[in-house]
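Residue numbers (the working numbering): 1 to 94.
Here it is as structure tokens:
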């Protein structure tokens, strides 16, 4: 729950939005995954705002995560196995 709130805040502050085109593509993708029921699926999303919002949410979250990853400065560092798990072992001992 907290992660969703953080992603929402970051998205709002950085004016990240989900376009109608992105939602339409997601509906089409969902409809194609159910051959023979494409029209039924399309109508369901077109007539159900809550279902459409549930489809929009993961698209929004993915866009926010992509935005964060674009800003990330990743560096590689070689670490010995003992050092990597040191904190975990210290917590278990406590």
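For every residue, glycine included, the Cβ atom is placed at its ideal position computed from N, Cα and C.
N- and C-terminal bounds of the alpha helix (DSSP H) containing residue i
i: residue 62; result: 49-71
i: residue 33; result: First-last for residue 33: undefined, no H or E at that position.
i: residue 39; result: 38-46
As assigned by DSSP and simplified to three states, the class of residue i
i: residue 9; result: helix
i: residue 76; result: coil
i: residue 16; result: coil
8 Å Cβ cutoff met for residue i and residue j
i: residue 40; j: residue 32; result: no
i: residue 11; j: residue 74; result: no
i: residue 67; j: residue 16; result: yes
Same chain only: Cβ atoms within 6 Å of residue i, ignoring 5 sequence neighbours per side
i: residue 45; result: 27, 51, 52
Beta-carbon proximity list for residue i, same chain, < 8 Å, skipping 5 on both sides
i: residue 30; result: 41, 45, 55
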